[in-house]
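Residue 1043 in the numbering used here is what sits at position 73 of the sequence shown, and the numbering runs on without skipping anything. Reading through the C-alpha cells given below for one structure.
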Amino acid sequence: MEIRHTTNPTDFKEYKTERLRSDFLIDSLFVKGEINLTYSHYDRVVAGGAIPTTEALKLEDKETLKTEYFLERREVGIINIGAEGTVLVDGEAYTLNKRDCLYVGLGNKEVLFESSNASDPAKFYIVSTPAHKQYPTKKAPIDDAEPNRLGSDSESNKRTIYKYIHADGIQSCQLMMGMTLLEPNNMWNTMPAHLHDRRMEIYLYFDMDEDARVFHFMGQPDETRHIVVKNEQAVLSPPWSIHSGVGTSNYTFIWAMAGENYTFTDMDQVKMDELK
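Okay, structure coming up:
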C-alpha cells in the first residue's frame, strides 16, 4: 500500500507541478489482475482499485494497517465502474453492474472481488475509512438511486448527482460517497467552489476518452493550483482546499468524503471574487 502524508497550506503554496502530482494525484488505481491501495493521512482514508480477471482479489494489507483483517477497524464503500462483477463479503455474494454501489461495514472478515467475464472485467473503486460501529452491508444499484439534476447548459455544468452512502441513504460511521454525471457539452464541476474544513474529499474521474483531460483546481481560495487528470485517476483534496474542475469534454466523477462532520450540506461557500 502506498502511503501519502499530509501537508499544510503554507507549504503547499511553494509546490511545483511534480510535487503536487506526487502528493495528491493517485495515477495507477486500475491494473488488470491487481488490487492497488493508497493510504492517506487525511482522515486516514484508503482509496484503491481492483480489476479481478481469472482470480479473485482479496481486500487486505495487514502490514500497513496492523490488524488481523482489513475491516477490523474500518468500513468500506465500493462502486463498480466496469463490467459486471461480484463482491463476496464473508461468503455472501453481491453482484454489481456498472455504477452500482456496495457498503461493507466494520467487522466483516473477508472481502473478495471477482469479475463475471475475465476478458471484460469489473473495475471496483474502493474507499475505506476508520469506523467505530457496525452498520449492515447494503447494496445500492444505480437504477434504484434517486437522481438529483442540477446546473444548466448556459453554465456548462448540467449534471446528475447520485448519493449512495450518506445520512439519508446507506448508513455509515463517517464515509460519504456518491457520483456525479455531467451531460454532453458540460464540463464544469463544483463551481462556484466551496470548502469543508471538517472533512477531506477524494475525486475519481472516469468515463473519459483517452485524450480527454480534467483540470482539477485545488488550494486555498486565494492561492489556487491545478492538476491535470486523465481517465480513471483520483485526486486527494485536503480539508482546507477547494475541489473543482473543468474538462476538455464531459465526464463522470465519484466523490467520497470522510472526517468529523457527517452532514452533506456542511459547506463553506467561496465567492467568485475570492478566487485567485
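Glycine included, C-beta positions come from ideal geometry on N, C-alpha and C.
Exercise. Helix, strand or coil: which one does DSSP assign to Thr977?
Worked result: Three-state DSSP puts Thr977 in coil, outside helix and strand.
Exercise. What are the boundary residues of the alpha helix (DSSP H) that Leu1035 is part of?
Worked result: 1032 to 1035
Problem set entry | Alpha-carbon spacing of Ser1086 relative to Thr980, whole angstroms | 48 Å
Problem set entry | Residue ranges of each beta strand (DSSP E) within the stretch 1047 to 1106, 3 or longer | Scanning the stretch 1047 to 1106 from its first residue to its last, the whole beta strand (DSSP E) runs of 3-plus residues come out as 1055 to 1059, 1062 to 1066, 1071 to 1074, 1081 to 1085, 1094 to 1100.
Problem set entry | Counted within 10 angstroms of its Cβ, other Cβ atoms place Pro1117 as buried (16 or more) or exposed | exposed
For this session: Let me know if Glu1030 comes out buried or exposed under the rule of 16 or more other beta-carbons within 10 Å of its beta-carbon.
Result: Buried is the label assigned to Glu1030, since at least 16 other Cβ atoms lie within 10 Å of its Cβ.
For this session: Can you tell me which of the three DSSP states Phe982 falls into?
Result: The DSSP-derived three-state label of Phe982 is helix.
Exercise. Taking the alpha-carbon positions, what's the Leu999 to Glu1230 distance?
Worked result: 26 Å
Problem set entry | For Ile1153, three-class secondary structure by DSSP | One point to set straight first is that residue 1153 is Glu, not Ile, in the sequence displayed. Of the three classes helix, strand and coil, the one that applies to Glu1153 here is coil, per DSSP.
Problem set entry | Assigned secondary structure, Arg1183 (DSSP; H/G/I helix, E/B strand, else coil) | coil
Exercise. According to the Cβ coordinates, are Tyr1173 and Trp1210 closer than 8 Å?
Worked result: no
Exercise. Buried or exposed: where does Gly1121 fall if 16 or more other Cβ atoms within 10 Å of its Cβ makes it buried?
Worked result: buried
Exercise. Going by alpha carbons, who is nearest to Ser992 out of Met1178, Asn1220, Val1205, Ala1115?
Worked result: Val1205
Exercise. Tell me, which residues are paired with Asp1238 by DSSP?
Worked result: Leu1165
Exercise. In whole angstroms, what separates the C-alpha of Asn1067 from that of Ala1092?
Worked result: 8 Å
Exercise. Start and end of the beta strand (DSSP E) containing Phe1040?
Worked result: Here Phe1040 belongs to no beta strand (DSSP E), and DSSP marks it neither H nor E.
For this session: Please report how far the alpha carbon of Ile1021 lies from the alpha carbon of Phe1094, in whole angstroms.
Result: 7 Å
Exercise. Any beta-carbon of chain B closer than 8 Å to the one on Glu1202?
Worked result: Checking the listed chains, one finds no chain B in this structure; it contains a single protein chain.
Exercise. Is DSSP giving Phe1000 helix, strand or coil here?
Worked result: coil
Problem set entry | Close-in-space but distant-in-sequence residues of the same chain around Asp913 (CB under 8 Å, 5 per side omitted) | Examination of residue 913 is not possible in this model, given that the chain is present from 971 through 1246 alone.
Exercise. Thinking C-alpha only, which one of Met1178, Ala1101, Phe1040 is nearest Tyr1232?
Worked result: Ala1101
Exercise. Who pairs with Thr1194 in a beta bridge, going by DSSP?
Worked result: Gly1189
Exercise. If you draw a straight line from the alpha carbon of Glu987 to that of Glu1193, how long is it in whole angstroms?
Worked result: One detail in the question is off: residue 987 reads as Thr in this sequence, not Glu. Using only the alpha carbons, I get a separation of about 14 Å.
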